[in-house]
Every structure is written in structure tokens, then in C-alpha cells.
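A.B. asks: Below is one structure. I have some questions about it.
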Amino acid sequence: MSGSLDSYLVLSGLLFAIGTFGFLARRNAISMLMSIELMLNAANLTIVAFGAFVKPLQTHAAVIALIVIAVAAAEATVGLAIVIAIYRNKKTPLVDEYDSMSE
Amino acid sequence: MPIGETLPFTAVRWDDILFLVLAIMLLGSALLVVTMRDIIRCGLAMIASFASLAGIYVLLGNPLIAATQVLVYIGAISILVLFAIMVTQTKNAPNRLVFQTQAWAAAVAAVLIAVVIVSAVLLTTWPSTGAVAWTSTKALADMLFGAYVLPFEVVSVLLTAAVVGGVLLARREPQAREEDRS
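Line order of the protein sequences matches chains R and V. Quick note on this note's numbering: the first sequence kicks off at 306 and runs consecutively. Quick note on this note's numbering: the second sequence kicks off at 7 and runs consecutively.
Structure representation (C-alpha cells):
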């Protein structure tokens, strides 16, 4: 089971689906950002799994996974800063109460 | 005394047991992240899911990626998320509803995505070697600072821009406005 590519890809697909549900269903903006992190993790798991099981991709996949982690860190920084900036104006973290962007 | 490939007295391999335990931990804590009511607990469950994913990276023969996962995700991103939760939590308006009113549509979409991805994975024949190949850190470093040195530099510029942008977006503005007027 741990020696087949399929099991890792299925695991990553399920993790991605859970992240999709959280992103679409939660009301809190920070919960949505956490769900995006789950989806990014699922994509990264796919990259690393292909690198481990397909010989020509081996080292390339690890390098790309490192770069994806760095970009995810940048995304989290800017995303949370935007949420905090909106919270300063609207006094709520719930996205369905953001009915206008300017005030 | 070294432990063998399999569990004593059975034919079950240690790797399979580790994979099952880590996969159940990963999916379980991810489900807790998207369904729990208390958002601080969601953040803590997110740390658990990152940790089990780091374990899976080790099973996949990438200890350096696992170490980066622990350092960047558990060490930096989780702490950032927890601080943002503490800044934006309001005591006077407790969340009665965790989900949007159309959460059922989101559930349908997520199940559809899961079915499509899983069936696509299982129906395709992948060019897999059938065994995990360990990635050597030296080869990774050679490639990162050789063939991939341009993306590496671009990522460093992106991180600098993200830090500057984050500070600019999240700081308080009123004092600057006052100075402009005077």
C-alpha cells in the first residue's frame, strides 16, 4: 500500500476535496485561508509523490515542492494581512457580511 | 537490535502501517479543520494535519521536504494564522453559524471533486517504478543552486515583496493621514 503511487494520489485528492469544501462552506475568512493551505498541501503531496515514484522527475519534484512551500508562505502573509485590514474597517471576520469593498 | 521489514509474526509491513496511521491522522484532522465550531481549535487541528503530512513526506523518501514542512508550515504559517485568529476574534458577536447558508452545495461540489480525482487516479496507468526512491540532499542542493537558481532568486524577491506588502496592508493608517493634512 505504501509502495504504490495510487494510494498517495488518492490521499492527496481527498485532502484537496476537504479543502475545497472548507473554502466554499465556511463563513470565517481565516477558515477559508486555512482551507486554502490544505489545498496547497494536497498539491504539494502530489508533486512529492510523483517525484518519489517516477525516476526522471525525482530531484526536480523536490525542488519544485520547496518553491511551492515558499510561495505558500508568501500567500499566507499577504492573505492574512488583507483579512486584518478588512477587519479594521468592518469589525467582523465573516465574509458574508462584507457587502461592499469601499466605504 | 534492528527491527525487520515486517511486523513480528505477521506479513504486514511497517511502511503500510505508518502510511495508514498518517493518512487517517491527516484526513481526520483536515476534516476537523473544516467542520469544528471553535476556530482556535481549527488552527490547532491544522497544525496536526501539517505534522502528519510531514510524516508522509518522510515515507516518500524526502526528509528535507519534511523538515521544511515542519519549519515553514508548523513554525511560521500556523503561528501567523493563530495570531490572525486572536486579532480578529470578537467576543460580543459569537458565531452561531459556522457555515454559509449554501453549505450543502459546497458539500456536493467537494464530493464531486473527490469522485473525479479518485476515479481519474485509479483509471490511469502511471509510469511508476513501484518503489519509493530516496532523494539525496546533495543532489537536491546541486539542482536548487544550479538549474533552478533563477526560480530560487525569484522566490526570494517574492518573499521580500510579500513581507513589505503584508506590513503595508496590516498597519494602522490614521497617524499617517493626520501628518499629511498638517
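Glycine included, C-beta positions come from ideal geometry on N, C-alpha and C. The structure displayed is predicted, hence computed values, not measured ones.
Using CA atoms only, rank isn't needed, just tell me which of R/Ile387, R/Ile374, R/Asp401, R/Ala367 is closest to V/Val173.
C.D. replies: R/Ile387
A.B. asks: Any Cβ of chain V within less than 8 Å of the Cβ of R/Met306?
C.D. replies: yes
A.B. asks: Residues bridged to R/Asn333 by DSSP?
C.D. replies: R/Leu399
A.B. asks: Using a Cβ-Cβ cut-off of 8 Å, state whether V/Thr74 counts as contacting chain R.
C.D. replies: yes
A.B. asks: Suppose you measure from the CA of R/Ala375 to the CA of V/Phe15; what does that come to, to the nearest Å?
C.D. replies: 44 Å
A.B. asks: What separation, rounded to the nearest whole angstrom, lies between the Cα atoms of V/Met149 and R/His365?
C.D. replies: About 7 Å.
A.B. asks: So the alpha helix (DSSP H) V/Thr143 belongs to, where does it begin and stop?
C.D. replies: 143-150
A.B. asks: Straight-line CA distance for R/Gly356 to V/Leu128?
C.D. replies: 18 Å
A.B. asks: Under 8 Å, CB to CB, which of the residues in the region 47-75 of chain V have a partner in chain R?
C.D. replies: The region 47-75 of chain V vs chain R, Cβ under 8 Å: Cys48, Gly49, Met52, Ser55, Phe56, Leu59, Ile62, Tyr63, Leu65, Leu66, Gly67, Asn68, Leu70, Ile71, Thr74, Gln75.
A.B. asks: Got a sec: which bits of the region 20-33 of chain V sit with their beta carbon under 8 Å from any beta carbon on chain R, in order along the chain?
C.D. replies: Residues passing the 8 Å Cβ filter: Asp21, Asp22, Leu24, Phe25, Leu26, Ala29, Leu32, Leu33.
A.B. asks: I need the straight-line Cα distance from V/Val104 to V/Val124, nearest angstrom please.
C.D. replies: 28 Å
A.B. asks: Cβ atoms of R/Ala378 and V/Ala36: under 8 Å apart, would you say?
C.D. replies: Against a cut-off of 8 Å, the Cβ pair of R/Ala378 and V/Ala36 comes out as no contact.
A.B. asks: Could you check whether the Cβ of R/Asn394 sits closer than 8 Å to any Cβ belonging to chain V?
C.D. replies: no
A.B. asks: If you draw a straight line from the C-alpha of R/Tyr313 to the C-alpha of R/Ser307, how long is it?
C.D. replies: 8 Å
A.B. asks: What did DSSP end up calling V/Thr12 once you bin it into helix, strand or coil?
C.D. replies: strand
A.B. asks: So R/Asp401 contacts chain V; which residues on that side make the cut at Cβ distance below 7 Å?
C.D. replies: Gln106
A.B. asks: Work out the CA separation of V/Ile53 and V/Tyr79 for me, nearest whole Å.
C.D. replies: 8 Å
A.B. asks: For R/Ala375, return the contacting residues in chain V, with the cut-off set at a CB-CB distance below 7 Å.
C.D. replies: Val161, Leu165
A.B. asks: Could you give the DSSP three-state label for V/Ile178: helix, strand or coil?
C.D. replies: Before going on, a small fix: residue 178 of chain V reads as Arg here, not Ile. It is coil, neither helix nor strand.
A.B. asks: Ignoring anything shorter than 3 residues, give me the beta strand (DSSP E) runs that lie fully in the region 360-405 of chain R, in order along the chain.
C.D. replies: none
A.B. asks: Which of the three DSSP states, helix, strand or coil, is assigned to V/Arg19?
C.D. replies: If DSSP states are grouped into helix, strand and coil, V/Arg19 belongs with the strands.
A.B. asks: Whose Cβ in chain V lies nearer than 8 Å to the Cβ of R/Asp404?
C.D. replies: Here the premise fails: no neighbours, minimum Cβ distance about 14 Å.
A.B. asks: Please state if the CB of V/Ala116 and the CB of R/Ile323 are separated by a distance shorter than 8 Å.
C.D. replies: For R/Ile323 and V/Ala116, yes; Cβs fall inside 8 Å.
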